[in-house]
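In our numbering, the protein residues as written are 179 to 459. A virtual CB, placed ideally from N, CA and C, is assigned to each residue, including glycine. Given the structure is predicted, the values throughout are model-derived calculations rather than measurements. Encoded as structure tokens, the structure appears first; notes follow it.
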């Protein structure tokens with residue numbers, strides 16, 4: 179049995195199928211961990227969502243920011259933006275089943291036997307894994323309620339940039355969502371910077387990748403994440419692996435074999451999406 183973490187799909191199903199052939203995936207014994215952002219901007223969002231859902235117990239996925247935006251469009255008056263590819267899901271005959279399945283997926287997954295943690299964007303510097311799991315559980319409970327509007331009310335906004343036990347429940351949920359699904363950089367004093375997306379060599383030296391933060395509370399944990407296609411090659415960065423290799427932009431879809439020491443990278447080139455990516459990046 180092997181476990182593979184898979185980078186952001188964003189509606190690109192054909193490269194996933196090719197990658198699964200490349201790793202000789204066996205759904206009766208192997209397991210797939212998806213880093214989130216199953217949908218949006220690629221040409222097969224509906225098919226990709228159905229495919230991952232139908233993998234059943236062979237797959238685990240955490241929620242990414244694009245997945246959460248799809249849920250917001252399903253439950254609120256939010257509308258897809260130009261360039262989004264979510265209408266096909268929102269208008270599908272099995273829409274309700276897909277949306278219900280998606281909102282029951284976690285924000286973070288930890289496997290103590292494998293000793294790996296799966297998250298879409300990262301773990302904020304002041305949180306260890308138990309803290310991240312506990313706060314994710316609070317947010318997940320709000321999302322799964324019969325009326326999830328309080329969750330979506332909390333979801334949108336840049337504030338707060340810092341974590342504090344004194345925050346209201348709404349602001350704690352917002353911070354949790356922003357940290358786990360949107361974070362890339364932090365300031366030296368631990369504030370989340372949610373705007374900067376550029377590669378490391380193009381940003382202000384005042385910004386620090388979350389995994390490089392001094393005295394990061396989760397520094398002893400092995401973490402696999404997506405969300406950051408401009409980060410560069412998939413490699414070990416202080417026990418963290420960023421595996422969004424920009425499939426949507428015509429680069430590659432990556433699998434990380436979590437059972438090997440060190441973890442092994444397997445990639446499927448995605449040149450067919452190069453022209454599509456020029457209009458979306």
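For the pair of segments examined, the stretch 190-200 was found to touch the stretch 213-230: the number of CB pairs separated by less than 8 angstroms reaches three. Selection 428, 436, 433, 441 evaluated against residue 449 yields 428 as nearest (Cα-Cα).
Here residue 360 carries a coil assignment [DSSP, helix/strand/coil]. For residue 346 and residue 425, the gap between their C-alpha atoms comes out near 38 angstroms. Looking at the DSSP output, residue 420 bridges to 403. Under the three-state reduction of DSSP, residue 268 is assigned to helix. Contact annotation: residue 183 and residue 372 have beta-carbon atoms that are not nearer than 7 angstroms.
Taking 7 angstroms as the cut-off, the beta carbon of residue 240 is found closer than this to the beta carbon of residue 285.
Excluding its 5 nearest sequence neighbours in each direction, residue 238 has C-beta neighbours in its own chain below 6 angstroms: 211, 287, listed in chain order. Rounded to the nearest angstrom, the gap between the Cα atoms of residue 219 and residue 440 is 33 angstroms.
In the structure shown, residue 370 adopts extended strand secondary structure according to DSSP, grouped into three states. According to the DSSP secondary-structure assignment, residue 297 is paired through a beta bridge with 286.
Two segments are said to touch when three or more pairs of C-beta atoms, one from each, lie closer than 8 angstroms; by this definition the stretch 295-305 does not touch the stretch 253-267.
Minimum Cα-Cα distance from residue 330 among the listed residues 349, 411, 276, 343 corresponds to 349.
Residue 377 sits close to residue 408, with the two beta carbons spaced by under 7 angstroms. Residue pairing by DSSP places residue 181 opposite 209 in a beta bridge. Residue 289 holds the alpha-carbon nearest to the alpha-carbon of residue 399 among 446, 319, 325, 289. Between the stretch 330-341 and the stretch 349-358 there are three or more C-beta pairs closer than 8 angstroms, enough to call the two in contact. Going by C-alpha positions, residue 200 is about 11 angstroms away from residue 447. Annotated as distal: residue 244 and residue 278, with beta-carbon spacing of 7 angstroms or more. Shortest Cα-Cα distance from residue 406 to any of 365, 392, 360, 364 involves 360.
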